[in-house]
Amino acid sequence: MSSPAISATSLYDEAGYGELHLDKQLCLALQVASSLITKIYRGLLEPLGLTHPQYLVLIALWERPGRSSMGDLRRGLCMDTGAVTPLVKRMEAAGLLRRSRDDADERRVWVDLTEEGWALRDRVLEVRRGVVDRLPLSANEIAAMRSGLQALNAGLLERSPPLR
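As numbered in full-length UniProt numbering, residues 1 to 164 make up the sequence shown, in order.
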């Protein structure tokens, strides 16, 4: 005789609701993976006094050849202004970057790394390598997963309203 839970699951599937099982939810798989990977980052970034979003801001600033505006950061990180502004303000207070208004257009705010911000690059590279070492994936699997998620994100961004 089967248990009531199995019977209920079978009836649920037979009624056409099988696709509502937790193990079939892409959103849950993405949320759990994001949470677990961010937890790894948190442990490695804490000794540097950085949060995961601050890590991403530093990377965005390091990779640009010229100056970055708040808008550049917002677009590059796919974050809205309400999320980027307090993040950048905290990093400025920590001495990692400085903000300045554009002389020609005061609405534009430039974000420049300080020497302290630049000095973290080697240590942050080690954090990234430490995260990769802790993932149960090969370098090729990581690259393939990242590429697939980037394609998914690009498609979703095309269908959604622009970030503000």
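Backbone N, C-alpha and C fix where the C-beta goes; we use that ideal spot for every residue, glycine too. Keep in mind that this is a model prediction, so the values were computed, not measured.
Query	Result
DSSP beta-bridge partners for R99?	V111
Just list the alpha helix (DSSP H) runs in the UniProt domain "HTH marR-type" (23-154), keeping only unbroken ones of 4 residues or longer that don't cross its boundaries, in chain order.	26-45, 52-63, 70-77, 81-93, 115-119 and 121-134
For V88 versus R99, is the C-beta distance shorter than 9 angstroms?	yes
Once you ignore the five residues that flank A60 on each side, which residues in its own chain have a CB closer than 8 angstroms to its CB?	S68, D72, L73, G76 and L77
Distance check for L45 and V127, CA to CA, integer angstroms please.	7 angstroms
Compare the C-alpha of D102 against each of A94, L36, V111 and G95 and name the closest.	V111
If you count every other CB in all the chains shown that lies within 10 Å of the CB of M91, and 16 or more means buried, which is it?	buried
Rounded to whole angstroms, what is the Cα-Cα separation between R134 and I40?	8 angstroms
Inspect the beta-carbon positions of L58 and L26 and report whether they are closer than 9 angstroms.	no
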